[in-house]
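Everything below concerns the one structure shown next.
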Amino acid sequence: MIKVELPGSKIVEAIIEAEEYYLQVQGFFIKYDVVFDKVCMKIEPKEGFEFDPTDIFHLAWYVKDHMQHRDQ
Numbered sequence: 065m066i067k068v069e070l071p072g073s074k075i076v077e078a079i080i081e082a083e084e085y086y087l088q089v090q091g092f093f094i095k096y097d098v099v100f101d102k103v104c105m106k107i108e109p110k111e112g113f114e115f116d117p118t119d120i121f122h123l124a125w126y127v128k129d130h131m132q133h134r135d136q
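If you use the working numbering, the sequence shown corresponds to residues 65 to 136, in order.
As structure tokens, then:
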């Protein structure tokens with residue numbers, strides 16, 4: 065299991081919102097079991113998948129993009 069500390073609870077909300085708009089974010093949730101806490105997320109690969117650290121960076125990029133477009 066990987067635990068990722070997030071800078072705030074608004075990021076958790078943005079990740080959940082981004083899942084509605086980005087296929088790549090949906091894919092992240094298909095590949096991983098994710099449990100959110102107030103300011104962290106715990107990530108565990110689902111059966112048949114292996115952990116790829118670049119997946120977290122891709123998730124962050126899409127969430128950042130979503131937040132920028134949402135705030136416009």
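Note that CB positions come from ideal geometry on N, CA and C, so glycine has one too.
The three-state secondary structure of Glu108, taken from DSSP, is strand.
For Phe100, there is no enclosing alpha helix (DSSP H); the residue is part of the beta strand (DSSP E) that begins and ends at Tyr96 to Phe100. A distance below 7 angstroms between beta-carbons, with the five flanking residues on each side excluded, links Gln88 to the following residues of its chain, in chain order: His122 and Tyr126. The segment 75-90 and the segment 110-118 do not touch, with fewer than three beta-carbon pairs separated by less than 8 angstroms. The three-state reading of DSSP puts Val68 in strand, counting E and B together.
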